[in-house]
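In the UniProt record's numbering, the protein residues as written are 1 to 94.
Every residue, glycine too, gets a C-beta built ideally from N, C-alpha and C.
Since the structure is predicted, the reported quantities are computational estimates derived from the model, not experimental observations.
Single-structure report; data block below.
Shown next as structure tokens:
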């Protein structure tokens, strides 16, 4: 990814508060290339997955690049359990 890429490390689990740092990051990064690091994530809930799916769709519509990295087997299994094939996300190897 280019130098101007915005990067965000997703925490192991989503906090229970209404303030989601991922949403704040995504809103501030609209139209810019984004790399989301999921290497610490071993479980993903439906709300977080819905956020990732919406962001992926928005970035594609805008012609910007959104990629994920560090997708663990456990997290990929959670995607599938929730009915989403992780292949729909561009994945970057580190």
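Decide yes or no for the touch test of the region 76-91 against the region 18-29: beta carbon pairs closer than 8 Å, at least 3 of them. no
Spatial neighbours of residue 92 within its chain, please: C-beta separation below 8 Å, excluding the five flanking residues on both sides. 1, 35, 67, 68, 69.
Excluding sequence positions up to five away, which residues of its chain have a Cβ less than 7 Å from the Cβ of residue 42? 12, 72, 74, 75
Distance between residue 16 and residue 65 (C-alpha atoms, nearest Å): 29 Å
With a Cβ-Cβ cutoff of 8 Å, do residue 49 and residue 5 count as a contact? At least 8 Å separates the beta-carbon of residue 49 from that of residue 5.
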